[in-house]
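Student:
Chains as they are written, first to last, in this note's numbering: chain P, 14 to 171; chain F, 158 to 952; chain A, 15 to 213.
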């Protein structure tokens, strides 16, 4: 993954965390840029397969995670489509898809869920399987997983 | 037309059979091909259907996924909740572009279309329209429903997903247009023609095409085939622009009265094309195998019929009598068996024919040739001699006294004699073409290229038979008489030669010369005899025959109580023909029966006449041995006697001694019957025949007549007179009356008187006289004749 | 409970004036005759003005186990509603209702600022993260309101005598409200409402 993208992702996350709503009015936040129809050439996002592929394997992964016995706990009553949408946005923004992720940062998202290592790795496995099922090339898969692995700290809370 | 020849039949049969098989196979394969093509297309249709369904499903999934993403989007929901029409429209539009959806709508809770990327103008005015397919808008929060609908005259695959904020505020409807491009994509995947059609029963023309891979003309054609009620998946056969298509009609979702169907079809031509090529190959193969079969069956047929023809030829040869050539067919199979059987048959027939010929042409007793063969040989020899310059001669011979041997000593002896004679002939006659036994004791010898008169040969034969034949040690004397006839002097044909040889033989026998060569002189008597026969017949008819009577005078009393009737012939040309000239001839030819009949008739009549005139005379009639064989004789006699009212005792029948002996068994019967009638019987010419005393004893005779040969020389020969005396005594001892024949002088008369003989007959007393003269002589001499004084007979 | 205390306080303030007050008990049923829980009644004085709201009016709607508690609440316009988020996980609550359109993130361990509900009307709250979380907040401009329990009874205490327009509504169960004019005197009043389906 390219450093600038990561940094900008971090910046986004930070920004999002700082500027959370204090007033009753609709908060001002950076405009969300949705995943594009055509992925920017050369980007990891493009190599992953662009919006159709990412949407597909995210969709698949979340469905698996939300129904798998070991991981479904933290998805109880959760709006899965929202999660999928946000995750696609995030991956898109992290992999140079040109998106602007407007969701909460990983720490905030997972605060209170007490995600275990096991659950995290399960998710990673499911994501890997799903990417493979959707014919995402090995290199791209590994790159994405690397990126997400960096978030483990924020996700897993013991 | 009935095919007769086996070869043709075999060929026709095999060719017909093979043709039938070929045709049947072809028809079957053709039908199977067609069926295969159809089922292949059907298979393709079903595969196509599955692909199509899969494709639709994938599309629907894609739409649903996208719709869900949109429905969860915060900004979108915000825009909807805040009735921000512009934002709604732009979000729909962007989102639609992202996945290539052709229609994006937002429908509110009342089912009113709030935003529509397809027909944006329709929502511009203040009166929003109702969404056409409310059924898609399910109340369920989680479900996303999908179906195929018509929007704005085009077919769309639509999905509807509820939007929550947090309560449902409406539905996002997204759709992919189903147009010609989609149809073409489908065609690429499935290799089937794809059409989407809409059924609106309320319309005048209920069917219309929404999208298709076909051109307009073909589409029109397609529409005509679609069923009226497209309820379920249906298989159709369609004719589109002249080509046969197999189609599958798949009803897609229906909402309300309209219904969309997908029609997948494939022309059979393509599927059949491969089979067309196959069919061509099949035809070629069929023709080839037909040609081969013709050749093969011709070969097989010939293999069978050729040897059969050869066998037929052989059989024809055998039929013709040619048994020489063996059947030229050698095979291991059934025909070979037939051929070998034919061969065996051939040799069998040849053998049997030889045997039959042997039976036909050989005399079984002596193994000499028989009459038939001799005749054939003679004919053949004559034919050959006529063509060439050869001389040929034949000898005819018979055995003397053979009958005596056969009758008295038995047939086995007779056979032995014949065999012995044959053997001696064969050993003596070396140069003969053919030695044959013609029958009985008659033999014939055919000699070719003879030079000389065969006298030496005849003499040799006679010499060979001089030696007695031994039978069980007992010697038998057998003599022979031989007649010789030469070709061509004595006859140019077989019949003449044989006859002339026969004549010569009889001449030899008669003259007791042993052998004689034919002389035409013999023949004249034969010829004469032949004409004599005719004349005799005439003589009887024309009363040329007369009976003369010679009296029998009693030596004791000089009474005349009996006469002998003697036949005389007054021939118009020859004058008086003595009996010796025609009687033996008559006896030989059997004409004697008729003569005897006439004699009896005349004698009995005359006797009757004399009786009525007061002259009681016994009339004696000579009958031959032949007459004794005639079983009807007693009846004839009886009839005559009653006809002329003559007592039987006045008729006497004279039979010669040898006549009695010829066939004693037969004679006995007739004699007994004659005896029973009361007719008198007399033994004539006693002393000259072969009689046995024991036999004589048993004969029912009353009289014995001593032969003239004894009487005529008795006066000067003491031996003879002794015999006469003994005979008279014998006769008397047997109770018989003795009559002496041929009394010609006084000396004989006197001697006979002294010897005690009863009656005398002869020229001394009277020659035979006619009836009138006899009557007169009897009146004049009855009781008075003593010899000297009684000699008043007219000469 | 807290709402009730708030209401009582407001009512107590008002009760300084020696006015005769009585309770109004409303029985709310649906068209099938079933008792309706979570129905809201409120009485608006006719001709007279309602006492002004307290400036420090507070209400609380908690998030417990990924649900709003209470599901249905009534507040006087001008009330500050806080969302304490008793769950250890975050919520992202929002409303698109015209009476109050807002979003606010409730992180675990962090208190979020209360939201001022100043317009009358019905506000439907949702959570972006947990889409089944729904709450109804009816903002009224009268201190006299109550919600029904499972017994279908909502009791407004200490309503001074006078003429009122009493409205009953139960939006959380899809029943639309209606108003009836009611003259209240010192005696306790009882009113039955039969609510039809709709919104």
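For glycine and all other residues, C-beta sits at the position ideal for the given N, C-alpha and C.
Only a predicted model underlies this, so the values are computations on that prediction, with no experimental measurement involved.
#1: Drop a sphere of 10 angstroms on the beta-carbon of residue 854 (chain F), count the other beta-carbons inside from all chains shown, and report buried for 16 or more, exposed for fewer.
#2: Output, in sequence order along the chain, the residues in the region 226 to 240 of chain F whose CB is closer than 9 angstroms to any CB in chain A.
#3: Of all the CB atoms in chain P, is at least one closer than 7 angstroms to the CB of residue 255 (chain F)?
#4: Which residues bound the beta strand (DSSP E) around residue 600 (chain F)?
#5: Given that residue 222 (chain F) touches chain P, what residues does it touch there, using C-beta distances under 8 angstroms?
#6: Residues in the region 124 to 136 of chain A with C-beta within 8 angstroms of chain F's C-beta atoms, listed in sequence order?
#7: Looking at chain A, which residues of the region 141 to 159 of chain P have a Cβ within less than 7 angstroms of any of its Cβ atoms?
#8: Does the beta-carbon distance from residue 662 (chain F) to residue 601 (chain F) come in below 7 angstroms?
#9: Is the CB of residue 323 (chain F) under 7 angstroms away from at least one CB in chain A?
#10: For a quick check, are the C-beta atoms of residue 166 (chain P) and residue 115 (chain P) less than 7 angstroms apart?
#11: DSSP three-state label for residue 305 (chain F), please.
#12: For the alpha helix (DSSP H) containing residue 737 (chain F), name the first residue and the last one.
#13: Compute the beta-carbon to beta-carbon distance between residue 170 (chain A) and residue 37 (chain A), rounded to the nearest angstrom, for a pair I have assumed lies under 8 angstroms.
#14: Buried or exposed: which applies to residue 186 (chain A), given that a residue is buried once 16 or more other Cβ atoms fall within 10 Å of its Cβ?
#15: Identify the residues that DSSP records as bridge partners of residue 364 (chain F): which are they?
#16: List in chain order: all unbroken beta strand (DSSP E) runs of 3+ residues lying wholly within the region 67 to 143 of chain P.
#17: Classify residue 577 (chain F) as helix, strand or coil using the three-state DSSP reduction.
#18: What's the C-alpha gap between residue 30 (chain P) and residue 110 (chain P)?
#19: Using DSSP's beta-bridge definition, name the partner residues of residue 725 (chain F).
#20: At 7 angstroms on the CB atoms, spell out the chain P contacts of residue 122 (chain A), in chain order.
#21: Is the beta carbon of residue 826 (chain F) sitting closer than 7 angstroms to the one on residue 809 (chain F)?
#22: Looking at the C-beta of residue 86 (chain A), does it have a partner C-beta in chain F at a distance below 7 angstroms?
#23: Pick from F:699, F:690, F:658 and F:698: whose alpha carbon is nearest that of residue 679 (chain F)?
#24: Which of the three DSSP states is assigned to residue 193 (chain A) in this structure?
#25: Tell me, which residues are paired with residue 804 (chain F) by DSSP?
#26: In terms of residue numbering, what span does the alpha helix (DSSP H) encompassing residue 786 (chain F) cover?
#27: List the residues that DSSP assigns as beta-bridge partners of residue 423 (chain F).
#28: Taking buried to mean at least 16 other C-beta atoms within 10 Å of its own C-beta, is residue 789 (chain F) buried or exposed?
#29: Is there a C-beta anywhere in chain F that falls below 7 angstroms from the one on residue 97 (chain A)?
#30: Starting from the beta carbon of residue 102 (chain A), find every residue of chain P whose beta carbon is closer than 9 angstroms, and list them in chain order.
#31: What number of angstroms, rounded off, separates the C-alpha of residue 462 (chain F) from the C-alpha of residue 493 (chain F)?
#32: Give the secondary structure of residue 924 (chain F) by DSSP, where H, G and I count as helix, E and B as strand, and everything else as coil.
#33: Based on the DSSP output, what are the partners of residue 117 (chain A) in its beta bridges?
#34: Return the chain-ordered ranges of every alpha helix (DSSP H) run that is complete within the region 219 to 250 of chain F and spans a minimum of 4 residues.
#35: Compare the C-alpha of residue 168 (chain F) against each of F:181, F:397 and F:454 and name the closest.
#36: Give the DSSP bridge partners of residue 643 (chain F), in chain order.
Tutor: Short version:
#1: exposed
#2: 229, 231, 234, 235, 237, 238 and 239
#3: yes
#4: 599 to 605
#5: 68, 69 and 72
#6: none
#7: none
#8: no
#9: yes
#10: no
#11: strand
#12: Neither: residue 737 (chain F) is in no alpha helix (DSSP H) and is coded neither H nor E.
#13: 7 angstroms
#14: buried
#15: F:356
#16: none
#17: helix
#18: Below a pLDDT of 50, predicted positions are generally treated as unreliable, and residue 30 (chain P), at 48, falls in that range; no measurement from the model is reported.
#19: F:703
#20: 124 and 125
#21: no
#22: no
#23: F:658
#24: strand
#25: Answer by DSSP bridge pairing: none, since residue 804 (chain F) is not bridged.
#26: 782 to 786
#27: F:403
#28: exposed
#29: no
#30: 124, 125, 126 and 127
#31: 12 angstroms
#32: coil
#33: A:108
#34: 231 to 238
#35: F:454
#36: F:550
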